[in-house]
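The block underneath contains the structure these notes are about, expressed in structure tokens.
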Amino acid sequence: MKGYMNKCPHCGSDSAFVPENMECDQALVLWCKSCGNFINQTFTLETIRRWWIRFDEGEEAIIPPINRSNLIKLQQLEQLLNEEAEWMEGIELHIKDFKEYEFSEVELPPVETNE
């Protein structure tokens with residue numbers, strides 16, 4: 004995939020995001036400096052697992068983006084990768100949804116530094 008995100012999908016302002024690693028499941032989110040809204044960069048399998056629990060208990064109205072059957076397959080794949088890993092430890096699968104992003108092949112000018 005070529006390009007980069009250059010607009011916030013919520014407010015439409017130019018990109019200015021602060022990344023944060025969520026404590027609950029280690030998913031990566033970006034917080035927009037203009038509107039304060041966030042963009043999920045990744046969903047971990049733990050994110051989806053907890054989402055299904057909340058959905059089943061009626062605490063969440065939105066159905067998770069991955070069905071239970073595929074979640075189990077992905078968890079098994081993650082486990083397999085960790086069991087057979089030769090040089091990596093603690094492999095964790097993250098899932099990314101790109102549908103809300105606006106991409107442009109136009110490059111932004113370089114950032115000036117005050118050195």
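Numbering (the numbering used here), first residue to last: 4 to 118. Ideal placement from N, C-alpha and C gives every residue a C-beta, glycine not left out. A quick note: this is a predicted structure, and the numbers were derived from the prediction, not measured.
Residue i versus the options, residue with shortest Cα-Cα distance
| i | options | result |
| --- | --- | --- |
| residue 37 | 9, 23, 55 and 18 | 18 |
| residue 99 | 31, 21 and 65 | 31 |
| residue 73 | 58, 24, 15 and 52 | 52 |
Where residue i falls, given that 16 or more other Cβ within 10 Å makes a residue buried
| i | result |
| --- | --- |
| residue 11 | buried |
| residue 96 | exposed |
| residue 75 | exposed |
| residue 90 | exposed |
| residue 84 | exposed |
| residue 22 | exposed |
Bridge-paired residues (DSSP) for residue i
| i | result |
| --- | --- |
| residue 42 | 33 |
| residue 98 | 46 |
| residue 10 | 17 |
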